[in-house]
Amino acid sequence: MTEGHATDLDDLRVVADYQFGAGAGDALFPADADIELSRSRSGRPRQVYVEGDRVTSYGTDGRFTLGVAGGRRLYDDLGGDAYVVRVGDESVPFVRDGKNAFAKFVTDADPAVRSGDEVCVVGPDGDLLGVGRAELSADAMLDFEAGMAVRVREGADEE
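Numbering (my numbering), first residue to last: 50 to 208.
Dropping the structure here:
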């Protein structure tokens, strides 16, 4: 690993801890894993792969978008509730297939979730169904009977 690569990973871990909470950087980018960065033409990190799976993309806004592998790492390593939106049985096959999650079917959500946050969508049995961007705050997801709660980017069956 080159010095620049190690520095980039340290910086990315700090951003992950800021965006998702303490411990997220180590969960997403473990020190003992095979990590590969793809870069833009300007040299900025773009995609981060861990053990060959796309864990995150690093946006020009300085925030991560999660891949299913990254969602699984966060969900497993951060205790299962941080940045999690839970849906009922009715939504399971749809979210797994990459379809959006609607507020009507949300059964629980991390109270810290705000509109625009990256979240993990989880079924009633605790299985990760997909990852995406929250379209509503946690309170609104639980209060509303209509509307999109999470714009699912990638379903767990799409891996």
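A virtual CB, placed ideally from N, CA and C, is assigned to each residue, including glycine.
Since this is a predicted model, take the numbers as computed values, not measurements.
Asked                                                                                                   : Found
Close Cβ partners of residue 87 (< 6 Å) along its chain, the five nearest in sequence each way excluded : 95 and 96
Euclidean distance between Cα positions of residue 91 and residue 151                                   : 38 Å
The beta strand (DSSP E) enclosing residue 143, as first and last residue numbers                       : Unbroken run through residue 143 is the alpha helix (DSSP H), 141-145; no beta strand (DSSP E).
C-alpha distance - residue 182 paired with residue 106, whole-angstrom precision                        : 13 Å
Alpha carbon of residue 146 to alpha carbon of residue 206, nearest angstrom                            : 6 Å
Contacting residues, own chain, Cβ-Cβ under 6 Å from residue 193 (five flanking each side not counted)  : 152
Beta-carbon gap between residue 184 and residue 198 smaller than 8 Å                                    : yes
Whether residue 134 touches residue 155 by CB criterion (8 Å)                                           : yes
Exposure label - residue 82; buried when at least 16 CB within 10 Å                                     : exposed
8 Å Cβ cutoff met for residue 173 and residue 138                                                       : yes
Test item: CB-CB of residue 61 and residue 72 under 8 Å                                                 : no
Rounded separation between residue 149 and residue 190 - CA only                                        : 13 Å
Candidates 196, 79, 167 and 175: closest to residue 112 by CA position                                  : 167
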